[in-house]
Amino acid sequence: MTTATQAPAAAEGHIDPAAAFVPVQTRSERLTSFAPEDFGVPTGREVNWKHTPIRLLEALFDDVAGEEGAVRVGATLPDGVESAALEVGQAPRGEVFRPEDRVAAVAWSQERIAHLVRIPADTVIDTPIVLDIEGQGGRAHAHIVLEALPHSRATVLLRHRGSATLAQNVEIIVRDGAALDVVSVQQWADDAVHAASHQARVDRDATLRHTVVSLGGALVRVNPSVELAGAGADGRLYGLSFADAEQHLESQVYLHHKGPHTVGDVLYKGALQGTSAHTVWIGDVLIGRDAVGTDSYEANRNLVLTDGARADSIPNLEIETGDIVGAGHASATGRFDDEQLFYLQARGISEEEARRLVVLGFLAEIVQKTGIPSLEEELMAAIEAELAVEERA
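Under my numbering, the first residue of the sequence shown carries the number 993, and numbering increases by one thereafter.
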């Protein structure tokens, strides 16, 4: 069950003398394998690990079982939604998912039973499907399969709270004509470590809206990978992070336009405050040779609120066909806009209140993408609480 992809050998002057091969740089060329030993233990020099404090992930590199009861999962399933347990090799588990790093491969091998949530064909589920992942302390592995059958429509909310060291795989299959919203919210305790790999395939005329919101945890790394496989597939990938002192929040996003006439939109926003607050966003978009008529754009915006915080932002774009509607990318990291603050203060608003309004307005765009009114209110309140911490400091 192993597939490997490596760059071809290069001229001698460009060969890494230690490894005798050209290091893989593009997301599409990376090794994929179900066997953890095929990846080796990361050193922090690899292209997909060099921005991550891997010392915090060491427990997830070990190919050993997690601790019983380390994570509890509760499910709120509206009428009509199907749920089942899938063993390794039992469809649709593995139809889409291919681990592309050691943590994901370990989670695959150690989590023998995956949790399937399936939306039946031609069904509209108006109430959000909620999976509550509650950390009880200790190391855990998880694999979740979300399947939207043809012409169905639903929203799935993954909520992460408590304390845990969790390696998590989420496999998403959006079949022909279906529309699925997936929202993953990380509100972990301060000591939690969470490394997640979300992999999705979107079929003909189907739509996936995928939103990541990370507010808590010592290290949270949620990497979405979406393949727009069918003609007319639509993928919208959104993200929000708010990093406090000593906190590392990361997302490495991959959007692969494979089918013709696909549409992609990627927008991630981050706010940072406090010493050593760190966010990482790496966005890779590949427009394949058969993806004619593609329209794609990706952007990352970061607002640095205090000294000592750092945001790494790396957009990448590969285009293998010239027959497209459009493609572009953008990245910006900065402090408060003085003109915005002046405008608000000139109307009698204090500087402190003006800063709060700017941050809330900046992040509200992503919060509203969740499409769950009660969650939107909760997240805006959580962001205000994050701001209040720095104001007290």
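The C-beta atom is built at its ideal place from N, Cα and C for all residues, glycine as well. Quick caveat, the model's predicted, so the values are computed rather than measured.
With DSSP run on the structure shown, which of helix, strand or coil describes residue i?
i: Arg1090; result: coil
i: Asp1226; result: strand
i: Arg1151; result: strand
i: Gln1216; result: Residue identity check: residue 1216 is Pro in the sequence provided, not Gln. Strand.
i: Leu1379; result: helix
i: Asp1276; result: strand
i: His1202; result: strand
i: Leu1371; result: helix
i: Ile1358; result: helix
i: Ala1342; result: One detail in the question is off: residue 1342 reads as Ser in this sequence, not Ala. If DSSP states are grouped into helix, strand and coil, Ser1342 belongs with coil.
i: Gly1231; result: strand
i: Asp1330; result: helix
i: Gly1353; result: helix
i: Leu1295; result: strand
i: Ser1323; result: strand
i: Pro1365; result: helix
i: Gln1337; result: helix
i: Arg1196; result: coil
i: Arg1281; result: coil
Report the residue from the options whose alpha carbon sits nearest the alpha carbon of residue i.
i: Ser1217; options: Glu1163, Asp1282 and Ala1235; result: Glu1163
i: Ala1235; options: Val1296, Ala1223 and Asn1215; result: Val1296
i: Tyr1289; options: Asn1215, Val1258 and Tyr1230; result: Val1258
i: Asp1304; options: Leu1241, Ala1159, Gln1128 and Asp1330; result: Leu1241
i: Glu1219; options: Gly1208, Thr1199 and Val1109; result: Thr1199
i: Ser1189; options: Val1317, Arg1047 and Trp1100; result: Trp1100
i: Val1109; options: Arg1090, Thr1147 and Val1039; result: Thr1147
i: Arg1281; options: Gly1353, Lys1250, Gly1209 and Glu1331; result: Lys1250
i: Gly1061; options: Ser1155, Pro1142, Thr1286 and Phe1053; result: Ser1155
i: Leu1278; options: Gln1178, Gln1239 and Gly1320; result: Gly1320
i: Asp1329; options: Val1350, Ala1181, Leu1158 and Val1255; result: Val1350
i: His1206; options: Ala1301, Lys1042, Leu1371 and Arg1022; result: At residue 1206 the sequence reads Ser, which differs from the His that was named. Comparing Cα positions, the closest option is Leu1371.
i: Pro1120; options: Asp1054, Glu1378, Val1073 and Gly1032; result: Val1073
i: Ala1291; options: Gly1340, Leu1333 and Ile1358; result: Ile1358
i: Gly1127; options: Gly1208, Leu1138, Ala1140 and Ala1301; result: Gly1208
i: Thr1286; options: His1253, Leu1048, Asn1308 and Trp1180; result: His1253
i: Thr1267; options: Phe1031, Val1284 and Glu1238; result: Glu1238
i: Val1039; options: Glu1021, Ser1025, Phe1026 and Arg1047; result: Glu1021
i: Val1255; options: Ala1269, Ala1263, Ala1221 and Gln1265; result: Ala1221
i: Thr1157; options: Leu1150, Val1175 and His1186; result: His1186
Would you mind sorting residue i into buried or exposed? The rule is 16 or more other CB atoms within 10 Å of its CB.
i: Glu1103; result: buried
i: Tyr1335; result: exposed
i: Pro1028; result: buried
i: Asp1299; result: exposed
i: Val1056; result: exposed
i: Val1381; result: exposed
i: Gly1224; result: buried
i: Asp1071; result: exposed
i: Arg1213; result: buried
i: Ile1125; result: buried
i: Gln1337; result: exposed
i: Ser1233; result: buried
i: Ala1076; result: exposed
i: Lys1261; result: buried
i: Asp1182; result: exposed
i: Asp1118; result: exposed
i: Ile1111; result: buried
i: Ala1051; result: exposed
i: Asp1173; result: buried
i: Ile1306; result: exposed
**Study point:** the region 1091 to 1098 / the region 1065 to 1077 touching (three or more Cβ pairs under 8 Å)
**Key:** Taking 8 Å as the limit for Cβ pairs, the verdict is that the region 1065 to 1077 does not touch the region 1091 to 1098.
Check your understanding: Would the region 1163 to 1172 and the region 1080 to 1089 be scored as touching if the rule is three or more Cβ pairs under 8 Å?
Key -> Result yes; three or more Cβ-Cβ pairs closer than 8 Å.
Exercise for review: Please confirm if the region 1232 to 1246 is in contact with the region 1264 to 1278, defined as three or more CB-CB distances below 8 Å between the two stretches.
Suggested key: Counting Cβ pairs under 8 Å, three or more are found: they touch.
Exercise for review: Tell me the start and end of each unbroken beta strand (DSSP E) in the region 1095 to 1181 that is at least 3 residues and wholly inside, in chain order.
Suggested key: If only uninterrupted beta strand (DSSP E) runs of at least 3 residues are considered, those enclosed by the region 1095 to 1181 are 1105 to 1111, 1121 to 1140, 1145 to 1166 and 1171 to 1180.
Exercise for review: Within the region 1021 to 1088, note down every full alpha helix (DSSP H) run reaching 4 residues or more, in order along the chain.
Suggested key: As far as the region 1021 to 1088 is concerned, its whole alpha helix (DSSP H) runs of at least 4 residues are 1050 to 1053.
Check your understanding: Would you call the region 1341 to 1349 and the region 1358 to 1366 in contact, with 3 or more CB pairs under 8 Å?
Key -> Result no; under three Cβ-Cβ pairs closer than 8 Å.
Review point. Looking at C-beta atoms only, is the number of pairs between the region 1193 to 1209 and the region 1320 to 1328 that lie closer than 8 Å three or more?
Key: In short, these stretches do not touch, since the Cβ pair count stays below three.
Point to revise | Touch test, the region 1227 to 1241 against the region 1128 to 1139, Cβ-Cβ under 8 Å, three pairs minimum | key: In this structure the region 1227 to 1241 does not lie against the region 1128 to 1139, because fewer than three pairs of beta carbons, one per stretch, are closer than 8 Å.
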